[in-house]
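Here's the structure we're looking at; comments come further down.
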Amino acid sequence: MRVAFVSLKTDHHHDTETNQRFRTVLELLAERGHDVHWYCSGFWAGEETTFEDGEITYHAVSTGPEARSSFLCRLPFVLAAAGPDVVHVGARPPSQVLAASWGATLARVPLVLEWYGDGGVTETRWTRFATGRPDRIVTPSELVGTWIRELGADGDVVETVPNPIDCDRIRAVEPGDAVDVIYARRLDEGANLESLLLALAEHRDREWEATVVGDGPERDAYEELASDLRIADRVTFVGDLDLEERIAAYRGAHVFVQTADHCVFPTEMLWAIAAGCVGVVEYHTNSSAHELVEGWDRGFRTTSEAELAEAIVAAGDLEHREYDDTFADYDRSAVADRYLEHYRKLRSEYGLF
1 MRVAFVSLKT
11 DHHHDTETNQ
21 RFRTVLELLA
31 ERGHDVHWYC
41 SGFWAGEETT
51 FEDGEITYHA
61 VSTGPEARSS
71 FLCRLPFVLA
81 AAGPDVVHVG
91 ARPPSQVLAA
101 SWGATLARVP
111 LVLEWYGDGG
121 VTETRWTRFA
131 TGRPDRIVTP
141 SELVGTWIRE
151 LGADGDVVET
161 VPNPIDCDRI
171 RAVEPGDAVD
181 VIYARRLDEG
191 ANLESLLLAL
201 AEHRDREWEA
211 TVVGDGPERD
221 AYEELASDLR
231 IADRVTFVGD
241 LDLEERIAAY
251 RGAHVFVQTA
261 DHCVFPTEML
271 WAIAAGCVGV
281 VEYHTNSSAH
291 ELVEGWDRGF
301 RTTSEAELAE
311 AIVAAGDLEH
321 REYDDTFADY
331 DRSAVADRYL
341 EHYRKLRSEY
351 GLF
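Below you can see the structure in the form of structure tokens.
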């Protein structure tokens, strides 16, 4: 299948969660042998209009991200000439959804809109207009799906497809050192690590060790808080780790705690609970993390620091595991199948199969 992906900016321009998710979708399909092309603004040196990066072919519709008008004007005709089986567009900027819609119409193929929602969803004339153009809108969680429906999207076209993990990769990594509690996230203003530290401080009389993975502008403040709470000798801040190191840490840990204020999809938590951790989530309105633990017998959802402290103790009573096949449906191959199923269903509705 030939799929035309559309996003003015790529992760080469800006390494954001939204752009990382979009690239992941291309990689999933390329791994399955499909022909994937990213139509974007040029980011590479030289005058070539295409750039090969692994199995992905990038096409420069405009010379740079600042040439947005040129990109939007040229895109419909570029897509029509490309002859794709499906057009798959990102939601940022929303004006590109209209241009991609025209291109899909000219090519007589379905339009899929990827709406990741990182940073929230702003209600504007363009975002409201974008909700009515695609044949399918894909979001990473029910939380983002709700935001999109509130903009006016038809609930029948909104589908949830999670971020993927690699289950084989988890099983291939040797477990790291044993630790009772682990937390992993960029330590910025949204990390809300203080909730976990305060909960842990309630159990100074118990034997436990905790690890904090990640770095960021608030790390010093969090380390100072741990010291003020007199638990600094039991909380280890290890900084940023690569994926292999994080998987090893999760396989050695017993409980993973998620307390972030904002999270459209808890990817690190998914890696951790698939690697055997018990999951404890502090509920927040703008976080979808609770969706992963609802109905799961090794998951806890809390709404206060007191409940969080109690859940950590209860989670510690469950058996330690190093892998949980409950989350096989989140494997890369399974997530790729979900996208392909959507594409094939839409093409069938168009009478193209």
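Numbering (UniProt numbering), first residue to last: 1 to 353. Heads up, the beta-carbon is just placed ideally off N, CA and C, and yes, glycines get one too. Only a predicted model underlies this, so the values are computations on that prediction, with no experimental measurement involved.
Cβ shell of Ala328 (< 8 Å), same chain only, five flanking positions each side left out: Here residue 328 refers to the residue found at position 328 when the sequence shown is read from its first residue. Closer than 8 Å at the Cβ level, and outside the excluded window around Ala328, lie Cys167 and Ala334.
DSSP bridge partner residues for Ala4 (one or two, in chain order): On the sequence shown, position 4 is the one that residue 4 refers to. According to DSSP, Ala4 bridges with His37 and Val87.
Backbone secondary structure at Ser288 - three-state DSSP: Residue 288 sits at position 288 when you count from the first residue of the sequence shown. Reduced to three states, the DSSP call for Ser288 is coil.
Three-state secondary structure (DSSP) of Ile231: Counted from its first residue, the sequence shown places residue 231 at position 231. Note: Ile231 maps to coil in three-state DSSP.
Cβ pair Val86, Tyr323 closer than 7 Å: For this step, residue 86 is matched to residue 86 along the sequence shown. For this step, residue 323 is matched to residue 323 along the sequence shown. No, they are not a contact pair.
Distance between Ala104 and Tyr339 (C-alpha atoms, nearest Å): Along the sequence shown, read from residue 1 onward, the residue named residue 339 stands at position 339. Along the sequence shown, read from residue 1 onward, the residue named residue 104 stands at position 104. Near 18 Å, if we compare the C-alpha coordinates of Ala104 and Tyr339.
Simplified DSSP state of Ser141, which is helix, strand or coil: Counting from 1 along the sequence shown, the entry for residue 141 is found at position 141. Ser141 falls in the coil class under three-state DSSP.
Closest Cα partner of Leu26 within the set Thr146, Thr16, Trp38 and Glu17: Here residue 26 refers to the residue found at position 26 when the sequence shown is read from its first residue. Measuring from the Cα of Leu26, the nearest candidate turns out to be Trp38.
For His203 and Glu310, the rounded distance between their alpha carbons: For the purposes of this step, residue 310 is taken as the residue at position 310 of the sequence shown. For the purposes of this step, residue 203 is taken as the residue at position 203 of the sequence shown. Cα-Cα distance, rounded: 9 Å.
Rounded straight-line distance, which links the Cα of Gly276 to that of Ala99: In the sequence shown, residue 99 corresponds to position 99, counting from 1. In the sequence shown, residue 276 corresponds to position 276, counting from 1. Cα to Cα, the separation comes out at about 44 Å.
Alpha helix (DSSP H) segment containing Thr122, residue limits: On the sequence shown, position 122 is the one that residue 122 refers to. It is not in any alpha helix (DSSP H) - Thr122 carries neither H nor E in the DSSP assignment.
Three CB pairs or more closer than 8 Å across the stretch 238 to 247 and the stretch 202 to 220: yes
Contacts around Glu123, its chain only, beta-carbon distance under 7 Å, and the 5 residues preceding and following it disregarded: Indexing the sequence shown from 1 puts residue 123 at position 123. Leu151, listed in sequence order.
Which residues DSSP lists as bridging Gln258, in chain order: Position 258 of the sequence shown, counting from 1, holds the residue named residue 258. Looking at the DSSP assignment, Gln258 forms a beta bridge with Val281.
Length of the line joining the Cα atoms of His284 and Glu224: Looking up residue 284 in the sequence shown gives position 284. Looking up residue 224 in the sequence shown gives position 224. Their backbone Cα atoms lie some 25 Å apart in a straight line.
Through-space distance from Val61 to Ser41, alpha-carbon basis: The count along the sequence shown starts at 1 and reaches residue 41 at position 41. The count along the sequence shown starts at 1 and reaches residue 61 at position 61. Their Cα atoms are separated by approximately 6 Å.
Sheet register partners of Val112 (DSSP bridge): Locating residue 112 in the sequence shown gives position 112, counting from the first residue. Beta-bridge pairing links Val112 to His88 and Arg136.
Those residues which DSSP pairs with Phe51 across a bridge: What you label residue 51 is simply residue 51 of the sequence shown in a count that begins at 1. Looking at the DSSP assignment, Phe51 forms a beta bridge with Tyr58.
Paired residues, beta bridge with Cys263 - DSSP: Mapped onto the sequence shown, residue 263 falls at position 263. The partner list for Cys263 (beta bridge, DSSP) reads Ser287.
Val264 and Val280 closer than 7 Å at C-beta: Here residue 264 refers to the residue found at position 264 when the sequence shown is read from its first residue. Here residue 280 refers to the residue found at position 280 when the sequence shown is read from its first residue. No.
Proximity of Pro65 and Leu346 at Cβ, strictly below 7 Å: Position 65 of the sequence shown, counting from 1, holds the residue named residue 65. Position 346 of the sequence shown, counting from 1, holds the residue named residue 346. In this structure, Leu346 does not lie closer than 7 Å to Pro65 by Cβ.
Exposed unless 16 or more other CB atoms sit within 10 angstroms - verdict on Arg206: As a first step, residue 206 is located in the sequence shown; it is residue number 206 there, counting from the start. Burial call: exposed.
Which residues DSSP lists as bridging Thr160, in chain order: Locating residue 160 in the sequence shown gives position 160, counting from the first residue. Thr139.
Closer than 6 Å: Tyr58 CB and nearest the ligand ADP heavy atom: Ligands are entirely absent from the displayed structure, and the ligand ADP is therefore not among its contents.
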